[in-house]
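Novice:
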Amino acid sequence: MTVQISYQSLTSPASQLALDVLREPVLLRMGIEHDEFPRGLSNAVTILGFEGVKDDSAILCNAFGDKFELREAPLCPLAILINPLHRGREKRLLDWLRDRGVPVPPPVVEWHSGREVDTVALIVQKLAGLLVSDAKRIASSTRELSALRILNDNLQNRFATIESFLDRQGLQPFDLAFSNEPVSSSSRSNVLADASQDGISQILPVASAGVSAVAIHFERLGKRDESVLHAELVTMEDGRVVETWVVALSKCTAGWNHFGLSKSLAGLRRTLKLRLRVEGADDEMPLLSLGGLQPLDMFHVRDTAHNASLVKNSLALQVWCGMPGVVLPAWANYMPAQSRRTGEGGFAAVPVAPSILELATLANSDEISFEFPAILPLPQERAIACHPPSVGMTIGRLPAACPPQTLRISANAIINNEKSQDVEFALAVAGTLEGARQLLEEKRGPECGEAFSGWVRAAVGDEPRLNGFIGEQAGVWQNVYFATRMADPGDSSFAWAKFRDISLLLKE
Amino acid sequence: MLDLVKHHLTAIAAPPEIEPGPARFSPRVAILIPAYKHSVLLSEAIESALAQDAPFDVAAVIVDDGCPYPETAETGRTYALAHENVFYLRKANGGLSSARNYGIEFALRHFPDLEAVYFLDADNRITPTAMRDVLAFLKSDDTVDWVYPNIDKFGIEWSGNYATQYSRLLHLTFDNICEAGSLVSRRLLDAGIRFDESMTSGFEDWDFWLQAIGRGFLGANYPFFGFEYRQRAESMLRDSNRTREGILTYLHQKHKKLFGADTLLTWEHEEAPRYVAIGIGSYAVDLFTDPTASHPKCSLEEFVTRFWAAKSEPETFGIPPFLIWLTAAHREALTRLGLIHNLLWLGERLCAKHHFVAIRLESSTTKVGIDLRKISETQHLGDKPFGWMCSLDIFSTCAEDASDDWIRSLKRAVPAPDVVEIVVTGPFTAREIQSTALSQTHALLATLGALRDSGYRLQPRERWLWRSAYLPNRNRYFELLRKAVGATPVMPRLPHRANPLRVGFLLPIASFGGVEKVAYAVAQALKAAGCEVHLFLMGKPVYNRVPENDGVFKSVNFLADDYPLWGGPNQFAGHDLLMGHDAGAKADHILGFLSGLDVVINNQVAPVNAVLGDLRRRGVKVLNYVHVLDKTRMGRDAGHPYLSLAFEHVYDKILTCSHDMTEWLHAMGVPSAKLMHIRNAASYAMSAKERDTQLTARRNRPQREKLNLLFLGRLDAQKGIERLFATARDLLAQGVPVNWRVIGSEVLDQAGGGSWKSRFNEIGLTVESPVYSSRHLSRAFNWADAIVLPSRWEGAPLTILEAQRLGCVPIATAVGAVEELIADDVDGVVIRSSDDGAVIRDLTAVITALAGDPARVRRLSETAAERNASLTWDRNVAPLVQQLSEWFPDRLAVSPPESALRLVEPPAVDPPAEAASSGQRTPRESKTRDRGDLPAHRPPQVAAARSANMFHLRVK
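Going down the list, the protein sequences come from chains A and B. Following the working numbering, the numbering of the first sequence begins with 1 at its first residue and continues without gaps. Following the working numbering, the numbering of the second sequence begins with 1001 at its first residue and continues without gaps.
1) Taking the C-alpha atoms as reference points, what is the distance between SER1918 (chain B) and SER1769 (chain B)?
2) If the cut-off is 7 Å on Cβ atoms, which residues from the stretch 116 to 139 of chain A count as contacting chain B, listed in chain order?
3) Bridge partners for LYS1621 (chain B) per DSSP, in chain order?
4) List the DSSP bridge partners of PRO404 (chain A).
5) If you run the structure through DSSP and keep just helix, strand and coil, what is VAL45 (chain A)?
6) If we cut at 8 Å on Cβ distances, does GLY343 (chain A) have a partner in chain B?
7) Check whether chain B comes within 8 Å of GLU219 (chain A), counting only Cβ atoms and requiring the distance to be less than that.
8) Along the chain, where does the alpha helix (DSSP H) containing SER1391 (chain B) start, and where does it finish?
9) Tell me, please, which residues DSSP counts as bridged to CYS1657 (chain B).
10) Give the single residue among B:LEU1188, B:GLY1387 and B:LEU1884 whose Cα lies nearest to the Cα of TYR1330 (chain B).
11) In the stretch 1442 to 1458 of chain B, which residues sit with their C-beta less than 8 Å from some C-beta in chain A, listed in chain order?
12) How far does the beta strand (DSSP E) with GLU90 (chain A) in it extend, from its first residue to its last?
13) Using CA coordinates, which residue listed in A:VAL124, A:SER42, A:SER113 and A:ILE384 is at the minimum distance from GLU355 (chain A)?
14) Which of helix, strand or coil does DSSP assign to LYS1689 (chain B)?
15) Give the residues of chain B in contact with PHE159 (chain A), contact being defined as C-beta atoms less than 9 Å apart.
16) Taking 6 Å as the limit between beta carbons, can you name the residues of its chain near PHE1972 (chain B), skipping five residues before and five after?
17) With burial defined as no fewer than 16 other Cβ atoms inside 10 Å of the residue's Cβ, what is the status of HIS217 (chain A): buried or exposed?
18) Looking only at DSSP bridge pairs, what is LYS1517 (chain B) linked to?
19) Looking only at its chain, what residues have a beta carbon closer than 8 Å to the beta carbon of THR1335 (chain B), apart from the 5 residues adjacent to it on each side?
20) When you compare only the Cα positions, how much space is there between ALA1796 (chain B) and HIS1269 (chain B)?
21) Would ASP1175 (chain B) pass as an interface residue toward chain A - the criterion being a Cβ-Cβ separation below 8 Å?
22) Cα-Cα, which of A:PRO182, A:ILE414, A:ARG188 and A:LEU362 is closest to MET393 (chain A)?
23) Compare the C-alpha of ASP1190 (chain B) against each of B:ASN1101, B:ASP1121 and B:GLY1226 and name the closest.
24) Could you tell me which residues DSSP puts in a beta bridge with CYS1067 (chain B)?
25) Could you name the residues of the same chain whose beta carbon sits closer than 6 Å to that of VAL1503 (chain B), not counting the 5 residues immediately before and after it, in chain order?
26) How many angstroms separate the CA atom of GLU237 (chain A) from the CA atom of ASP1064 (chain B)?
27) Using the three-state DSSP reduction, which class does ASN1499 (chain B) fall into: helix, strand or coil?
28) Please list the partners that SER184 (chain A) has in chain B, where partner means a Cβ-to-Cβ separation under 8 Å.
29) Which runs of the alpha helix (DSSP H) fall wholly inside the stretch 1106 to 1174 of chain B and span at least 4 residues, in chain order?
30) Could you give the first and the last residue of the continuous alpha helix (DSSP H) run that contains ASN1876 (chain B)?
31) Give me the Cα-Cα distance between PHE1195 (chain B) and GLU1204 (chain B), rounded to the nearest whole angstrom.
32) Ordered along the chain, which non-local residues of its own chain (more than five positions away) have a Cβ less than 6 Å from that of PRO1314 (chain B)?
33) Which chain A residues sit within Cβ distance under 7 Å of PHE1154 (chain B)?
34) On the premise that ASN1603 (chain B) lies in contact with ALA1519 (chain B), defined as a C-beta separation below 8 Å, what is that separation, rounded to the nearest angstrom?
35) Along chain A, in chain order, which residues have C-beta atoms closer than 7 Å to that of GLU1302 (chain B)?
36) By a C-beta neighbour count over all protein chains shown, 10 Å radius and 16 as the cutoff for buried, is GLN1253 (chain B) buried or exposed?
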């Protein structure tokens, strides 16, 4: 651990008092005798008197008047109770706390004899606020956990689908799942011309899973080159736009025109609706081919704006399905999806760039030193070596490597020498080394903008994945800290520990 | 993958922030999430609730049903602290129902603007647009009270299509088609509908919907709901399916009325009508189960569209499974005569065996009947049938067939398809019987042409709905009904809106026998008391028309099937009988035939006893009417009273026409409480004025030189025809001054010694044809001084009562309950001998004495006329009416009207020539006698037991 005082006077009563302060919530009093507090309050929570600051250490005393020094900020100072006559003196204490990285100072509450209840009420209010704030963070974590679970389900299904596709001997990767052939008619309506400005819509007769392309059939195209066809594929159950095309009509041909998805759709099966509208061809709309009479009203071509049936036919259409994630081959004559709807949100897993890996440095050089670089960027391996000391830990830092929208930091942990003993690895995201140290020493949990993977033990040949989640985004770029230590303090020879494939999951 | 990730982020990462401010949080939708042991997955449900993208407030209410896992509480508490629209409620464990109810009460109490509640199980999810879209859908239609989803399962993936028009019939008889994850309107909750907290093994949601249905609420499917159902290998639902039968039994008991045949039939009519009647002339298409009830119509074009939609998506769209071509005028004529339901029932039954059913109407003033003719080389199809009927399966096959040659042969005398013709005979008016300008064969073929030439036919028959079919085809709902009711087919007769008590009279045949006359008279009395009475003929499908009965029966129904009226593979006290499981009992057919009744009165139909137990279990009150104890050839007591003993358990009441029969049944083991004596009265009504006029005429008649003697009845052994013949012959030989009129039908196969007509002719007596109308009967009684009944066995003959009423003196053998009707030498004469020779001798002596003593005849005549002056059926039937009103207090008024019998001036209707000339059997003939097992001579019937004490006990 890094609490220096604890190393220095591990067994002294004063040391024990200082450790207690780092483990539990405390109330700090200034200018008030301990006996003035109701017994109930002093039984409920530890109350320490603040005597002053000496040599950068706070001098505190307990209920029995035992004084001790404290270098680190208390874990959880609930409030500073101060004699009204001593107002102003709390600044010294607040400054001392701020210097130790306490971003939000504890509330300062005046203690009036006879108004103890009011004071306690203020403290309870503060506690309640903390509880709510913690709950929000937990809820946020749980939300991510849910997302990951859903993601895992989908990945499982997609892998299973891929396996089933791979098992299909001699079959093509794409199937024509449905085809509604064009039926010629002299009285054919021009549905694009009849529809309002929002164009037409057509519910597809195939579930979303596996859909790779949709083909529509033009009987006749207009002459104006500048006309543009906008196509959208929307899911009915959740109103999501899953694909968008913007295609110059000049690129379309009479007959079938295939609109390929950027990759086959996967996940839960939904009902798809194809929306089509043409811009810039008011005087001469292209003539879309229709299938035969459609007895099912739901599948009539409809006006997008009013959802009214335009004709008693469906569009002539084809729906192609393929292996999830697979794109239509380059030789296929199809219209590629040109845009994704922006701002719809999502996750993006981004690897930390090799150039950033090269910025890795040793963060706790004040604590450890080696004859060789303890931290060694290995960009060609997409890794950073982090050699653990025999006792204690080596902490490395990637400065400002973590953007504000980061949800998760991940890396693989490996040991590159067969003679090595087991090593423990950890990742942390924090604003300062001190914050990272507290996380790594597990003195507290991650706060706003922070993440901690926990210590993960690895033996030679293992390659566990470390994950640290940022529950509440801080809105600022943070440092990434990575640390190693021997699982069993002692011999760290051959402990060629590396963090590989460090990546960030970003919220877009 | 990015799209997936983005999607999930969309789903989870944007919970609406509930900012404190002036806008008051007042949810219009509350998502209730019961939580028990789904501690981890609970967060997914909550997140999906928080992710709702709706222009109104949505509350998520977590109800922790005493979950033992601390994690559940931690999750619930955490979300409640973190989000102002999340509420975490804790309660002691009480099961899913109690948790949901707890949430409902909370939401109703705290959310004044609440419009709907959604039930989200802790392991399921909804998409972000679900509440917005579904609430809008719910509010777009006032008749929709809850909206249920298609089922999209994840885990074990499966998507089921539930997107068909909501059907209560389907919901009750198929499965719980409404997932608990439905949006429920506040008005349904305000009506007090709650989950049954005693149901802890599943299907509590089914019960919830059944309660809603019972209160008149309706659901609807929203096909793009966005409901995600987590399916794992084991679940509570799977446990429920293991105990399904037990739970279903509970549901059936709890919602007995909903599962009743009437209710289900009504829903079939409203939701999935069984028949479609297509009129080509009018291009109007009627869709109904009961054509007499109001029903929807559509155009032929719409029908064609529906037809092809049903071909494409049969579980979502449907048309009726049976097609009819019959003009509205003919349907109305059949309705007027109370035959339309029976015709449809028969047609449906025949459609299972034949490709097409032709319908022909024939006019007859004397009878109503059904004749089934299988068309063949020897029995041609008549020119231009009045109507056609066929199943959708056949017609659909024809519509898709490459050629229509096969069906076009329906125009020929012997068509290629298998055709059976139903000939309906009845008193149709000339206008009704006129065929229309358009042939119905043409109408059928034109309908086919409309379907075949439709553009929809070109569509390849590929499914457009991508979700798997789970529901049965809509045109098969009639089979669900059949299964639920246990009947095939189900009579398509809906209860009348006024909901009168419906009483069915079962008769083996409908001729002019005493059993029928009593049944008709009781039917008249019950109708006058407010019941709706129906006649069911189980044997020969002919109802010999009695003008006085016109309008009494709401319907006349013919089984018209191979249904032997006696016998069976089982034995009881020397009687062959059928039991319910015997194929010959035709249980499904009979139960379908008799469905839609509240009360059934069996009037000596032996085989139907086999299925009456099933009827009774369905809530129908079952009564048996017993008249007479017959004799076997060897003189053994036999007949329907014994069957009554065999099936006593199924009868709620056994009606008897005599004390004698009551005592016999009691002595044989039937509890007194089950017995009800209905005293006989004259079978036809007569006003006091008319009766006085006729009696006065009799009194003022000049003294005759000869005694006028009348015999009225079948010329058979039971009626003692040999005794009558011998007596007449002896009287003639002795020169006793008498005039004879012998009126009756001859039973040739029973005569043994040749035609009784011939034999009577040989001694100078002419046998007159039977008379049936009240006018002719009264005329015969007025002519006669005495009526002679030398029967070998009887019940309580109506003829005695009718003769006495007009002062005609009965001279009868003391059989059956005759002595209950005649006080010897007071209002008639009783011959107590049993030996044929003694009876002839005594009868001859009695007649000889009366012929010589006009004063005695007058005295007997006067007292006879007085005896039955006050007897009326409505008075005699009053105990039965009282009993019915006790059984159905809300359906029948307690006090019957004073005068029930309709007074109808009998029209001048000639005796049915065909009945007389063809030797058709008159009353009381049944298969028993057809089988030739009746004796020529039988000793008088003796009651099995006579006990004054028993009698006293009974009358108390």
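Glycine included, every Cβ here is placed at the ideal spot set by N, Cα and C.
Specialist: Taking the coordinates as given:
1) Low per-residue confidence applies at SER1918 (chain B): pLDDT is 39, beneath 50, and the placement is therefore not dependable enough to give any value.
2) LEU131, VAL132, ALA135, LYS136, ILE138 and ALA139
3) B:VAL1599
4) Answer is none; PRO404 (chain A) lacks a bridge partner.
5) coil
6) Any answer about GLY343 (chain A) is weak, because its pLDDT of 41 lies below 50 and its placement is not dependable; what the coordinates show is given next. Cβ-Cβ to chain B under 8 Å: no for GLY343 (chain A).
7) no
8) From DSSP, SER1391 (chain B) is part of no alpha helix (DSSP H) but of the beta strand (DSSP E) over 1387 to 1391.
9) The partner list for CYS1657 (chain B) (beta bridge, DSSP) is empty, contrary to what the question assumes.
10) What sits at residue 1330 (chain B) in the sequence shown is His, not Tyr. For the residues B:LEU1188, B:GLY1387 and B:LEU1884, the minimum Cα distance to HIS1330 (chain B) belongs to B:GLY1387.
11) SER1454, GLY1455, TYR1456 and LEU1458
12) First-last for GLU90 (chain A): 90 to 99, but that is the alpha helix (DSSP H), not the beta strand (DSSP E).
13) Going by the sequence as given, residue 355 (chain A) is Ser instead of Glu. The candidate whose alpha carbon is nearest that of SER355 (chain A) is A:ILE384.
14) helix
15) By Cβ distance, chain B contributes nothing, its closest Cβ being about 11 Å from PHE159 (chain A), past 9 Å.
16) Since the displayed chain B opens at 1001 and closes at 1956, residue 1972 (chain B) lies outside it and no answer follows.
17) buried
18) Beta-bridge pairing links LYS1517 (chain B) to no other residue.
19) PRO1291 and THR1292
20) 45 Å
21) no
22) A:LEU362
23) B:ASN1101
24) Its beta-bridge partners do not exist; DSSP assigns none.
25) LEU1526, CYS1531, VAL1533 and VAL1599
26) 29 Å
27) coil
28) Going along chain B, no residue has its Cβ under 8 Å from SER184 (chain A), so there is no contact; the nearest lies around 12 Å.
29) 1130 to 1139 and 1168 to 1173
30) 1873 to 1876
31) 6 Å
32) ASN1473
33) ASP153 and LEU268
34) 5 Å
35) Per Cβ cutoff of 7 Å: no residues; GLU1302 (chain B) is ~11 Å from chain A at best.
36) exposed
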